[in-house]
Amino acid sequence: MREIFFELNAAQDSAPEWIHLLPSGTFSAKDGRGPWTVSDPGKLIEASLPKGGRPLPVDYDHGSVVPKGNGSAAGWITELQARDNGIWGKVEWTEAGRKAVASREYRFISPVIGFDGNNKQDISIIDSAALTNNPALTQLISLTDAERSGAVGTILTRIQADMDAIAALTCRPPGADGNAQSAEEAALDARLKEALGLSPSNTSKQG
């Protein structure tokens, strides 16, 4: 359906809510550093974002950690999640940061990582992240693909909610009020069209 693709393309003009910070398994940087792993994702998340602590900055080209760099924030990581493909961060973008990502001025993420003790292979903390066009970890999902994935997930969630509503309607007991059911079906039809990005005048143009 063309309308769905239009919705996804529109979503690509924004910045993703979640960004991929670390891959899963054992991995190395493209310049040969590593190998690294995250043996305890829960401990890493707690160390990186302790309760009551400050959010993690997302800067430009590591400007907040390099000498004479620009320390301006493009966004702030307020939540971390361990997923099947690694560690993800939820970002509250600044206006400038959102524009930099949406315009494709920056397409990738680079984390600043730390270790406990002498074990320089087991990552124990994420200190910050940076927008970059030269990422060391090429295993990470790009900002563009992260936004596309988020848009698809949103659409699927909305469709699933409407499918659940359809199931509830089709299981109505005998003798249920027909007028009420017709009103519910009309409302459901409108919700489905909204979820798919369709207007009433577009429903005959699918394909």
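Add 11 to the 1-based position in the sequence shown for my numbering, that's all there is to it. In this text, a Cβ means the ideal position worked out from N, Cα and C, and glycines have one as well.
The beta strand (DSSP E) that contains residue i, what's its start and end?
i: ALA141; result: 134 to 143
i: VAL123; result: 119 to 126
i: ILE30; result: 29 to 34
i: PRO52; result: Premise fails: PRO52 lies in the alpha helix (DSSP H), 52 to 59, not in any beta strand (DSSP E).
i: ARG94; result: 84 to 94
i: LEU151; result: No beta strand (DSSP E) contains LEU151, which DSSP labels as neither H nor E.
i: ASP70; result: 67 to 71
Under the rule that 16 or more other beta-carbon atoms within 10 Å means buried, what is residue i, buried or exposed?
i: SER114; result: exposed
i: ALA85; result: buried
i: ASP70; result: buried
i: ALA111; result: buried
i: PRO122; result: buried
i: ALA107; result: exposed
i: VAL49; result: buried
i: VAL77; result: exposed
If you draw a straight line from the alpha carbon of residue i to that of residue j, how long is it in whole angstroms?
i: ASN144; j: ARG118; result: 6 angstroms
i: GLY202; j: ALA194; result: One point to set straight first is that residue 202 is Arg, not Gly, in the sequence displayed. Spanning the two alpha carbons is a distance of roughly 12 angstroms.
i: PHE126; j: TRP47; result: 10 angstroms
i: GLY80; j: SER35; result: 30 angstroms
i: SER25; j: ARG109; result: 7 angstroms
i: THR37; j: ASP200; result: 47 angstroms
i: SER153; j: LEU142; result: 10 angstroms
i: SER83; j: SER75; result: 7 angstroms
i: LYS131; j: ALA198; result: 58 angstroms
i: SER39; j: GLY45; result: 5 angstroms
i: GLU57; j: GLY64; result: 10 angstroms
i: ASN129; j: GLU103; result: 34 angstroms
i: THR105; j: ASP133; result: 32 angstroms
Near residue i, which residues of its chain fall below 6 angstroms by C-beta distance, leaving aside the five closest residues on each side in sequence?
i: GLY100; result: ILE30, LEU32, ILE88 and LEU91
i: ASN96; result: SER35
i: ALA93; result: PRO52
Assuming the contact rule is C-beta atoms closer than 8 angstroms, residue i and residue j should be a hit. Round their C-beta distance to whole Å, please.
i: LEU67; j: SER139; result: 5 angstroms
i: ILE120; j: ILE137; result: Wrong, their Cβ atoms sit about 11 angstroms apart, outside the cutoff.
i: GLU158; j: PRO27; result: 4 angstroms
i: SER62; j: THR149; result: According to the sequence provided, residue 62 is Lys. The question's Ser does not apply to it. LYS62 to THR149, Cβ: 33 angstroms. No contact.
Quick check on the DSSP output: the alpha helix (DSSP H) that includes residue i runs from which residue to which?
i: VAL112; result: 106 to 113
Taking 8 angstroms as the limit between beta carbons, can you name the residues of its chain near residue i, skipping five residues before and five after?
i: LYS54; result: SER135
i: ALA147; result: ALA40, LYS41, ASP42, ARG44 and SER121
Take residue i and list the residues in its own chain whose beta-carbon comes closer than 7 angstroms to its own, dropping the five residues that flank it on each side.
i: GLY164; result: Because the pLDDT at GLY164 is just 42, under 50, the model does not fix this residue reliably, and the point stays unresolved.
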